[in-house]
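Colleague: Sharing a structure with you now.
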Amino acid sequence: MATLSRDTTVGVLGAGTMGIGIAQIAATNGHAVHILDASASATERARLGVRKVLNRQVAKNRLTAPEADAIFERIRFYTGTDPAPLSDAGLVIEAIIEQVEAKLQAFLTIEEVVAPHVVLATNTSSLAVTAVAGPLRHPERVLGIHFFNPAPVMPLVEIVPGHRTEPDVTSRVDALIQRWGKTTVVVKDTPGFIVNRVARPFYGEALRIVEEGIADPATIDWAMREIGGFRMGPFELMDLIGNDVNFAVTSSVFEAFFYDPRYRPSLTQQRMVEAGLLGKKTGRGYYDYREGASQPAPTRDPVRGRQIVDRILAMLFNQAVDAVACGIASPADIECAMTKGVNYPQGLLAWGQQVGWAMVLERLTALQEEYGEDRYRPSPLLRRVARDGRSLLS
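What follows is the structure in structure tokens.
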């Protein structure tokens with residue numbers, strides 16, 4: 021297969037937020053970029069959006085005006101369902117709706133116009149890469165390249181080979197994305213990959229605590245920030261991500277894991293989505309973002325706050341350990357993913373070691389006994405490291 025170099029034209033399917041961000045990254049790194057969307061309004065928003073971002077970079081002295089102009093000129097915007105504008109690309113990255121069938125149909129169409137050696141990539145955050153690649157004529161050249169939002173800013177990219185992806189394709193794409201200045205982690209094609217699998221309890225357990233009447237969102241967010249050291253609390257972050265997006269990812273992971281109770285979605289979040297309370301983008305979510313709105317004050321109780329933090333952390337630690345046990349990625353890559361992908365205060369494996377695996381096991385066992393739910397079952401590997409005290413990072 022041909023080398024993925026600076027001379028490689030990059031095709032981007034989808035002119036939404038992620039597509040625009042990916043196009044900007046590629047063009048900034050010297051690639052000619054062809055971005056295609058079925059919607060003329062989306063294409064025009066993308067054109068204006070890229071120009072606005074580049075102008076802002078000039079205003080902040082991060083780019084010169086000629087550099088910004090050169091980046092913008094390397095991007096070509098196309099509208100329509102005909103994939104012909106992507107035909108000369110050496111790499112095509114899909115960033116459309118998060119549905120397997122839609123992605124598969126897009127690749128079936130693209131496969132008709134690109135050469136057999138062209139790499140096809142999906143930016144899915146949680147769907148099976150193998151399911152998208154399986155029906156294609158050349159599934160060996162398909163993989164996942166999962167950027168995080170906003171793509172130009174967030175340093176982490178998950179590289180996800182499918183079951184039939186050629187190792188050479190994975191290594192060449194990995195090298196290219198690193199040349200784009202990103203930190204990459206290679207992860208097994210399992211639901212949620214690293215970040216969206218391991219991070220589920222950050223949201224799910226926080227929602228469960230609210231549903232039990234133990235604390236309100238403002239108090240949980242305060243505890244996770246001030247006691248836990250997280251940059252944002254779970255409800256603030258869900259409002260930023262969008263409750264519809266967060267709920268969809270949780271539902272997708274839950275279904276993909278054959279309804280494992282550890283990933284069960286929250287009825288509270290479903291009702292928020294049904295009510296249109298999606299967060300910042302709609303003006304209201306768990307908080308009210310409308311002009312002049314007052315925000316609820318947290319109950320600043322250190323004892324209650326510590327219990328909240330310990331409960332959520334125990335679930336997060338268990339997920340990280342289980343990801344190691346299942347060979348999702350190397351322990352080092354799991355640590356990297358959680359610090360660079362979602363800005364956790366430190367890697368969960370090192371953090372759990374500091375807390376003490378025996379203490380983590382004790383907390384989970386108590387929760388499982390109290391609720392009688394498999395939701396809180398400790399990973400078998402957690403039981404082993406709690407018994408022998410060894411580090412998972414050594």
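Numbering (our numbering), first residue to last: 21 to 414.
Cβ atoms here follow ideal geometry from the backbone N, Cα and C, with glycine treated the same way.
1. With distances taken from CA atoms, which of 277, 322, 311, 254 is nearest residue 289?
2. Helix or strand or just coil, what does DSSP make of residue 24?
3. Counting only runs of 3+ residues fully inside the segment 64-138, write out the beta strand (DSSP E) ranges in chain order.
4. Given a threshold of 16 other Cβ atoms within 10 Å of its Cβ, counted over all protein chains shown, does residue 178 qualify as buried or as exposed?
5. Could you tell me the distance, in whole angstroms, from the CA atom of residue 250 to the CA atom of residue 101?
6. Look at residue 176 and residue 144 and say whether their C-beta atoms are less than 8 Å apart.
7. Please report the straight-line C-alpha distance between residue 217 and residue 266, rounded to a whole angstrom.
8. On the premise that residue 148 lies in contact with residue 209, defined as a C-beta separation below 8 Å, what is that separation, rounded to the nearest angstrom?
9. Per DSSP, residue 55 forms a beta bridge with which residues?
10. Take the Cβ of residue 128 as the centre, count every other Cβ of all protein chains shown within 10 Å, and call the residue buried at 16 or more, exposed below.
11. Of the residues 293, 78, 118, which one's Cα is nearest the Cα of residue 33?
12. Exposed or buried, which one is residue 346 when buried takes at least 16 other CB atoms within 10 Å?
13. Whole angstroms is fine: what's the gap from residue 314's alpha carbon to residue 295's?
14. Taking DSSP's pairing of strands, which residues face residue 141 in a bridge?
15. Could you check where the beta strand (DSSP E) with residue 181 kicks off and where it finishes?
16. Whether or not the segment 223-240 and the segment 342-357 are in contact is what I'm after, with contact meaning three or more pairs of Cβ atoms, one per stretch, closer than 8 Å; do they touch?
17. Decide yes or no for the touch test of the segment 379-388 against the segment 275-284: beta carbon pairs closer than 8 Å, at least 3 of them.
18. Classify residue 61: buried if its beta carbon has 16 or more other beta carbons within 10 angstroms, exposed otherwise.
19. Would you call residue 27 buried or exposed, if buried means 16 or more other Cβ atoms sit within 10 Å of its Cβ?
20. Give a yes or no on whether the C-beta atoms belonging to residue 130 and residue 106 are separated by under 8 Å.
21. Note down, in chain order, each residue of its chain lying with its Cβ closer than 6 Å to the Cβ of residue 196, except the 5 sequence neighbours on either side.
22. Beta-carbon within less than 7 Å of residue 50's beta-carbon, same chain only, minus the 5 sequence neighbours each way: which residues are those?
23. Which runs of the alpha helix (DSSP H) at least 4 residues long sit entirely within the segment 189-274? Give them in chain order.
24. Can you name the start and end residues of the alpha helix (DSSP H) that residue 294 belongs to?
25. I'd like the span of the alpha helix (DSSP H) that includes residue 41, first residue to last.
26. What number of angstroms, rounded off, separates the C-alpha of residue 141 from the C-alpha of residue 151?
27. Check this for me: beta carbons of residue 219 and residue 362, under 8 Å apart or not?
28. So, at 6 Å on beta carbons, what are the nonlocal neighbours of residue 283 in its own chain, with the 5 sequence-adjacent residues on each side left out?
29. Classify residue 94: buried if its beta carbon has 16 or more other beta carbons within 10 angstroms, exposed otherwise.
30. Quick check: what's the CA-CA separation for residue 44 versus residue 87?
31. What are the partner residues of residue 299, as DSSP defines its beta bridges?
32. Based on Cα-Cα distance, which residue from 268, 334, 35 lies nearest to residue 116?
33. Where do the ends of the alpha helix (DSSP H) carrying residue 373 lie?
34. Nearest to residue 406 by CA position, among 380, 247, 397, is which residue?
35. Measure how close the beta-carbons of residue 54 and residue 69 come, nearest whole angstrom, since I'm counting them as under 8 Å.
36. Mapping the DSSP letters down to three states, classify residue 279 as helix, strand or coil.
Modeller: Result, derived from the coordinates:
1. As a working mapping, residue 289 is identified with position 269 in the sequence shown. Residue 254 is the option with its Cα nearest to residue 289.
2. As a first step, residue 24 must be located in the sequence shown, where it is residue number 4. Three-state DSSP puts residue 24 in coil, outside helix and strand.
3. 95-99, 111-114
4. In the sequence shown, residue 178 corresponds to position 158, counting from 1. Result: buried.
5. In the sequence shown, residue 250 corresponds to position 230, counting from 1. In the sequence shown, residue 101 corresponds to position 81, counting from 1. Answer to the nearest angstrom: the Cα atoms are 43 Å apart.
6. As a working mapping, residue 176 is identified with position 156 in the sequence shown. As a working mapping, residue 144 is identified with position 124 in the sequence shown. Contact flag unset, no.
7. Mapped onto the sequence shown, residue 217 falls at position 197. Mapped onto the sequence shown, residue 266 falls at position 246. Cα to Cα, residue 217 sits roughly 12 Å from residue 266.
8. Against the sequence shown, residue 209 aligns to sequence position 189. Against the sequence shown, residue 148 aligns to sequence position 128. At roughly 6 Å, the Cβ-Cβ gap stays under 8 Å, so residue 209 and residue 148 are in contact.
9. Stepping through the sequence shown from its first residue, residue 55 is reached at position 35. Paired residue(s): 32, 97.
10. On the sequence shown, position 108 is the one that residue 128 refers to. Under this definition residue 128 is an exposed residue.
11. Position 13 of the sequence shown, counted from the first residue, corresponds to residue 33. Residue 118 is the option with its Cα nearest to residue 33.
12. Counting from 1 along the sequence shown, the entry for residue 346 is found at position 326. Classification of residue 346: exposed, given that the 10 Å Cβ count is below 16.
13. Within the sequence shown, the letter at position 294 stands for residue 314. Within the sequence shown, the letter at position 275 stands for residue 295. Residue 314 and residue 295: Cα-Cα distance of roughly 20 Å.
14. Counting from one through the sequence shown, the residue named residue 141 turns up at place 121. Bridge partners of residue 141: 113, 163.
15. Here residue 181 refers to the residue found at position 161 of the sequence shown. First-last of the beta strand (DSSP E) with residue 181: 176-181.
16. no
17. no
18. Here residue 61 is taken as the residue at index 41 of the sequence shown, counted from 1. Classification for residue 61: exposed.
19. Position 7 of the sequence shown, counting from 1, holds the residue named residue 27. Its Cβ having fewer than 16 others within 10 Å, residue 27 is exposed.
20. For the purposes of this step, residue 130 is identified with residue 110 of the sequence shown, where counting begins at 1. For the purposes of this step, residue 106 is identified with residue 86 of the sequence shown, where counting begins at 1. Cβ atoms of residue 130 and residue 106: closer than 8 Å.
21. Position 176 of the sequence shown, counted from the start, is the residue given in the question as residue 196. Contacts found: 24.
22. Here the question's residue 50 lines up with position 30 in the sequence shown. Closer than 7 Å at the Cβ level, and outside the excluded window around residue 50, lie 26.
23. 215-218, 220-231, 237-242, 254-261
24. If you number the sequence shown from 1, residue 294 lands on position 274. Per DSSP, residue 294 belongs to the alpha helix (DSSP H) from 287-294.
25. Looking up residue 41 in the sequence shown gives position 21. Start and end: 37-48.
26. Counted from its first residue, the sequence shown places residue 141 at position 121. Counted from its first residue, the sequence shown places residue 151 at position 131. Spanning the two alpha carbons is a distance of roughly 13 Å.
27. Position 199 of the sequence shown, counted from the first residue, corresponds to residue 219. Position 342 of the sequence shown, counted from the first residue, corresponds to residue 362. Closer than 8 Å, so yes.
28. Locating residue 283 in the sequence shown gives position 263, where the first residue counts as 1. Hits under 6 Å: 220, 273, 274, 277.
29. Position 74 of the sequence shown, counting from 1, holds the residue named residue 94. Flag for residue 94 reads buried.
30. Translated into the one-based positions of the sequence shown, residue 44 becomes position 24. Translated into the one-based positions of the sequence shown, residue 87 becomes position 67. Distance between the alpha carbons of residue 44 and residue 87 is about 13 Å.
31. Here residue 299 refers to the residue found at position 279 when the sequence shown is read from its first residue. Partner(s): 304.
32. The residue labelled residue 116 in the question sits at position 96 within the sequence shown. The option with the nearest alpha carbon to residue 116 is 35.
33. Translated into the one-based positions of the sequence shown, residue 373 becomes position 353. Residue 373 -> alpha helix (DSSP H) spans 368-375.
34. Residue 406 sits at position 386 when you count from the first residue of the sequence shown. Comparing Cα-Cα distances from residue 406 to each of 380, 247, 397, the minimum goes to 380.
35. For the purposes of this step, residue 54 is taken as the residue at position 34 of the sequence shown. For the purposes of this step, residue 69 is taken as the residue at position 49 of the sequence shown. Not a contact, Cβ separation roughly 17 Å.
36. Here residue 279 corresponds to residue number 259 of the sequence shown, with the count starting at 1. Of the three classes helix, strand and coil, the one that applies to residue 279 here is coil, per DSSP.
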